[in-house]
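**Student:** Pasting a structure below so you can have a look.
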Amino acid sequence: MLFALVVFVVSAAPPEVFDCKARKCRASKQKGDVWKVTLPKVKRDDGVECREAPEEYWLVPKSGPAQLLLEVCNDGYGASGVGEDSIDITANGFKHSRYGGSAWRWTSATELAFSPLRVVSESESNFNATMPGFTKESSWNWDTFRGKQVDEVAKCRPDGSPDIDSEESVHIESSPVPVVLLSDAFRNGGWKTTSLGACSVPASFVTFGKQSGKNDASLSAIATFPEKAARELYLEVRDDAFVTEATKWTLADHVELWFASSAGAWDECVGTRGGVQFGVSLDGKVNVGFGEPNASALSVEVARADGVVRMKVLLTGLPDDFVGIVYSDSDDGKKQKALLATSQLKFASVPTFSGWKKFPRDIAACDVSDGALKPKNTRVFEPKTAVIE
């Protein structure tokens, strides 16, 4: 039988760590340390039995109450019984990693900073131990308010199903689009003169052509999903030379928006086409593209200034699992010069789209500061509730 392990690693210049019997070390007079509390090995109220003695990790500041960082009860973390915890404590940080699963394996990691106490980053991955063509990895950095998704997706068989027997896969990277609470002042007109700033995701993938320089063109996006109202997508396009006239809308500067439903996390493959496409001209006109969607599903309002076009796009009745956001840049109105996207998007290939990153209002929000949106951490830690779930 395989037994789960707890791996405890201490990096350079960490705070002192106390390994103490149940609850007793909480009465210690020493402050500013991380306490590791080993609890009695008993079956929990929910029926889960820890394979090893359960543990708690507490941060005890110089002043104020102690804060529970993590509770560990390793029951094997899945049918395979290979679960493992790894804990790394540094001078100003605490990192917890966990591994588990059955044939479908997963990993997760959370990194904290002590001063001020906050979540710095979170990541997770999923894969199948017997099918190398399926891997999904996601990460989010709270200090930069940026995320990344990296997938290894199987190619499609002729019938459109994933070729799970092949070791060949397609590497796809994307940036999730933040969905966050935005103020009424911003939504009701402030967006027209406010930069999307650090709250937005940049279209950092050049999927066609090339840019003339970093100031050539850019696109950023952020969304909010109000209750009982249409979803709202905000876009900011910057360009050194906007081209609004051409023989076809596809040859002028425009934004392309893709929407798709998920076929199931492990039923996706690269090779078949899906989703629906809209082309939004810089004057707000909605053009129908691939999949022939209903143009009325999009309502666009535009605000223009020198070198920047801002859009408020209302989304009604569209799939909300995946989104593709692209800026098509043309300097002459005769051909596309470059495509800038939030992912390594391929035409009508749903696995190459971005996902939405939805933030509950008690976790994060975006406020206007100095003319730009800036992320705000709204998380409140309760002393007796573990920071890391």
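If you use my numbering, the sequence shown corresponds to residues 9 to 397, in order.
Cβ coordinates follow ideal geometry from the N, Cα and C atoms, glycine included.
Bear in mind the structure is a predicted one, so any value in this text is a computation, not a measurement.
1) Since R318 is in the beta strand (DSSP E), which residue starts that stretch and which ends it?
2) Residues in its own chain within less than 7 Å of F216 by CB, not counting five upstream and five downstream?
3) Which whole-angstrom value describes the C-beta separation of V7 and D151, a residue pair presumed to lie in contact below a C-beta threshold of 8 Å?
4) Look at the alpha carbon of P23 and the alpha carbon of K103, and state the distance between them as a whole number of angstroms.
5) Would the stretch 248-266 and the stretch 374-382 be scored as touching if the rule is three or more Cβ pairs under 8 Å?
6) By how many angstroms is the C-alpha of L381 removed from the C-alpha of G205?
7) Would you say W148 and E130 are within 7 Å of each other, going by their C-beta atoms?
8) Taking the beta strand (DSSP E) that D340 falls in, what are its first and last residues?
9) Tell me the start and end of each unbroken beta strand (DSSP E) in the stretch 219-247 that is at least 3 residues and wholly inside, in chain order.
10) Can you tell me where the beta strand (DSSP E) with A117 in it begins and where it stops?
11) Between K51 and E60, is the Cβ-Cβ spacing less than 7 Å?
12) In the DSSP assignment, find the alpha helix (DSSP H) that holds R195 and state where it starts and stops.
13) By Cβ distance, which residues of its chain are closer than 6 Å to R126, with the 5 residues on each side in sequence left out?
14) Which same chain residues, not among the five before or five after A305, have their C-beta less than 6 Å away from its C-beta?
15) Can you list, in chain order, the residues of its chain whose CB lies under 6 Å from that of K365, leaving out five sequence neighbours each side?
16) Measuring alpha carbon to alpha carbon, tell me which residue in W114, F153 and A313 is nearest G86.
17) Excluding the 5 residues flanking S226 on each side, which residues of the same chain have their C-beta closer than 6 Å to its C-beta?
18) Counting C-beta neighbours from all protein chains within 10 Å, is the total for P179 16 or more, i.e. buried, or is it exposed?
19) What is the rounded straight-line gap between the Cα of E235 and the Cα of D328?
20) Around the Cβ of P48, are there at least 16 other Cβ atoms within 10 angstroms (buried) or fewer (exposed)?
21) Which of the three DSSP states, helix, strand or coil, is assigned to G108?
22) DSSP three-state call for V358: helix, strand or coil?
23) My assumption, with CB atoms under 8 Å, is that G332 sits in contact with S362. Please give the rounded CB distance.
24) Among W66, K256 and D83, which residue has its Cα nearest to the Cα of G55?
25) Hey, N136 and K144: beta-carbon distance below 7 Å or not?
26) Might you give, ordered along the chain, the residues of its own chain that have their beta carbon closer than 6 Å to the beta carbon of A117, omitting 5 neighbours on each side?
27) Taking 7 Å as the cut-off, decide whether the C-beta atoms of F153 and P383 are in contact.
28) When the Cα of K354 is compared with those of R369, E175 and F213, which residue comes out closest?
29) Please identify the residue among V25, D93, S338 and F267 whose C-alpha is closest to the C-alpha of W66.
30) So, helix, strand or coil for L259, using DSSP?
31) Suppose you measure from the CA of V278 to the CA of F142; what does that come to, to the nearest Å?
32) Do you know offhand how far A35's Cα is from P124's?
33) Quick one: what's got a C-beta closer than 7 Å to T202's C-beta in the same chain, skipping five residues either side?
34) Tell me, to the nearest whole angstrom, how far the beta carbon of A358 is from that of E253; I am working on the premise that it is less than 8 Å.
35) Taking the alpha-carbon of P166 as reference, which of A356, F267, R281 and G108 has the nearest alpha-carbon?
36) I'd like the list of long-range same chain contacts for A260, defined as Cβ closer than 8 Å, with 5 residues on each side in sequence excluded.
**Tutor:** The relevant details are as follows:
1) V316 to L323
2) Q344, A346 and L347
3) Any answer about residue 7 is impossible in this case: the structure gives the chain only from 9 up to 397.
4) 13 Å
5) no
6) 5 Å
7) yes
8) From DSSP, D340 is part of no beta strand (DSSP E); its letter is neither H nor E.
9) 225-232 and 239-247
10) W112 to F122
11) no
12) D192 to R195
13) none
14) T324, G325 and L326
15) G155, P184 and P186
16) W114
17) R246
18) Per the sequence shown, residue 179 should be read as His rather than Pro. Flag for H179 reads exposed.
19) 15 Å
20) exposed
21) strand
22) helix
23) 6 Å
24) D83
25) no
26) S105 and S131
27) yes
28) F213
29) V25
30) helix
31) 12 Å
32) Low confidence applies to A35: its pLDDT is 41, below 50, so where it sits in the model is not reliable, and the reading given next is rough at best. If you take the alpha carbons of A35 and P124, they lie about 24 Å apart.
33) F194, V376, G379, A380 and L381
34) Contrary to the premise, residue 358 reads as Val rather than Ala in this sequence. At roughly 33 Å, the Cβ-Cβ gap does not stay under 8 Å, so V358 and E253 are not in contact.
35) R281
36) V251, T252, E253, A254, S289, L290, S338 and G341
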